[in-house]
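Going by my numbering, the first residue of the sequence shown is number 194, and it counts up by one from there. By construction, the Cβ of each residue, glycine as well, lies at the ideal position given by its N, Cα and C atoms. This structure is a prediction, so every number in the text was calculated from the model and none was measured. To start, the structure under review is shown below, and the notes come after it.
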Amino acid sequence: MDAVNRPYKIPRSVLVVIHTPALEVLLIERADQAGYWQSVTGSLDFEDEPLAVTARREVFEETGIADGELRDWEQDNVYEIYPIWRHRYAPGVTRNMEHVFGLQVPAPVPVQLRPREHVAHLWLPWREAAWRCFSPSNAEAILQLPARSTQA
Numbered sequence: 194m195d196a197v198n199r200p201y202k203i204p205r206s207v208l209v210v211i212h213t214p215a216l217e218v219l220l221i222e223r224a225d226q227a228g229y230w231q232s233v234t235g236s237l238d239f240e241d242e243p244l245a246v247t248a249r250r251e252v253f254e255e256t257g258i259a260d261g262e263l264r265d266w267e268q269d270n271v272y273e274i275y276p277i278w279r280h281r282y283a284p285g286v287t288r289n290m291e292h293v294f295g296l297q298v299p300a301p302v303p304v305q306l307r308p309r310e311h312v313a314h315l316w317l318p319w320r321e322a323a324w325r326c327f328s329p330s331n332a333e334a335i336l337q338l339p340a341r342s343t344q345a
């Protein structure tokens with residue numbers, strides 16, 4: 194079954210912190226929840242879809258960004274799925290495993306949003322970006338950015 198015809202989302206996703214070398218972070222505002230700012234996130238389309246493929250696909254789908262240095266932070270977060278989005282998952286599924294990536298771009302780049310998913314974007318200094326995120330795991334990932342961006 195393809196992702197379009199899948200009845201439920203797979204409870205495995207990626208979080209991609211898009212940033213510049215100066216630690217400016219891209220945040221996007223959800224269309225379905227005003228004031229919910231986040232980094233790029235998205236579920237696997239297929240059980241065996243490689244996480245890096247999911248990350249690149251979601252970045253392009255949500256922002257139009259096709260280039261940048263993708264780094265696997267080798268970090269998984271398990272969190273409770275917000276009740277407002279649980280209907281997207283199979284009955285009884287309440288937790289999601291999220292794998293974290295960073296994507297470095299040379300400078301703030303133009304962004305092309307999908308209006309059904311996101312309605313606005315901002316490039317912010319990393320601390321301010323972390324503060325603005327509605328998701329605790331997203332905020333924590335952004336707070337790790339200074340240490341993560343210096344790793345080879």
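How would you label residue i, buried or exposed, when you count the other beta carbons within 10 angstroms and need 16 or more for buried?
i, result
"F294", "buried"
"R325", "buried"
"W278", "exposed"
"A340", "exposed"
Helix or strand or just coil, what does DSSP make of residue i?
i, result
"A227", "coil"
"R205", "strand"
"S342", "helix"
"P329", "helix"
"P318", "strand"
"A313", "strand"
Residues in its own chain within less than 7 angstroms of residue i by CB, not counting five upstream and five downstream?
i, result
"V302", "I258"
Does the Cβ-Cβ distance between residue i and residue j come in under 8 angstroms?
i, j, result
"E291", "S232", "no"
"H314", "L219", "yes"
If you drop the 5 nearest sequence neighbours on each side, which residues of the same chain put their C-beta closer than 8 angstroms to that of residue i?
i, result
"V271", "R288, N289, M290, E291"
Who are the Cβ neighbours of residue i in its own chain at under 6 angstroms, not counting the five residues just before and after it?
i, result
"A300", "T213"
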